[in-house]
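Here the sequence shown is numbered in the numbering used here, starting from -8 and rising by one per residue. Glycine included, every Cβ here is placed at the ideal spot set by N, Cα and C. Here the structure comes first, spelled out in structure tokens, and everything after it is commentary.
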Amino acid sequence: MANTSPAKVGVECPHCGFKQVEYAAAKSSICRQCGRYFSPFAPKPGLKLRVKEEAPTSENSSIFRRFEDFWKRQRSSVIECFECKRKQQVCGTATSTICPACSAHIDLRDYKITSGFSRTIRTRGDVHLAAKGDLGSSSVICRSALIEGKLRGNLHCDDTATINFSGKIPGLLSARHVIVERKADIHCSRRIRAGSIEIKGTMSGEIIAQTMVTIHKRGSLEGNVTARAISVEKGGMFSGQLVIGQAGLTQGELLPEQKLAAGSVPEADISGSAPRPLPAT
């Protein structure tokens, strides 16, 4: 006896691209992955439904945003109160919170500056100063910052400050980690304080680092450096005075007055004598 069961064909969801099997005579179906309705139109084997060129882009971006929002909801972070320094855990999608200890308001928003902006920023989020942005705030405190435009005031980052523009930085700059990108060419009027610094472009100014200063290939640094260690890769250039072994200095100009206590020789000072500025070119 001949098989009289209805023919089935493979169809593809135009919304998410999921492939499934449906009856050839079906006029509509529901995607088993995204749950959206579509009309398979009983396509021939090997023939895909034609869609507009811009449709995949919009759908893909929509799906991407959906996944991004989902992971933000799942992710949490530990933030510190600006006033009393108490730490607490917050949801990744939160834009602000209240300190349970002192009731101070804590901003968690990210800021992207594309034009002139002069208000003070104090957030546990990130700051992006775009190429056409002009940040005239006297003080900016954030988690991480990407600087591609004019920075006129002081900047403090709890995590990373990435510099990617050419020009002068007149204010104080401090961060756990500072990166001067390849295309950057900056002059710092005041000293930079950081845990560690990477220089891939061109920089001039005074640096005080808790750990390492790294000058990459084709990177250039002109200025005095106080750090626990320095690394100049082949093709990199450093010109200035170098003080190694006292990363805990708070003021570089007070170095001649510093005296080592008995038995407290820094790890980097293998000679046993007090560190002194060394010219390096």
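Item                                                                                                                              : Value
Asp176: first and last residue of the uninterrupted beta strand (DSSP E) it sits in                                               : Asp176 to Cys179
Residues near Thr202 by beta carbon distance below 8 Å, same chain, minus five either side                                        : Gly186, Ser187, Ala218, Arg219, Ala220 and Ala238
For Phe229: DSSP bridge partner residues                                                                                          : Leu212
Beta-carbon proximity list for Ser180, same chain, < 6 Å, skipping 5 on both sides                                                : Pro161
Contacts around Asp176, its chain only, beta-carbon distance under 7 Å, and the 5 residues preceding and following it disregarded : Ser157, Gly192 and Thr193
Neighbourhood of Val81 by C-beta distance below 7 Å, restricted to the same chain and skipping five residues each side            : Ser67, Ser68, Ile70, Thr88 and Leu99
Opposing strand residues paired with Gln11 [DSSP bridges]                                                                         : Val2
For Asn145, three-class secondary structure by DSSP                                                                               : strand
Cut-off 7 Å between Cβ atoms - residues of its own chain near Ser130, not counting five sequence neighbours on either side        : Thr111, Gly144 and Asn145
Reduced DSSP category for His119 - H, G, I as helix; E, B as strand; rest coil                                                    : strand
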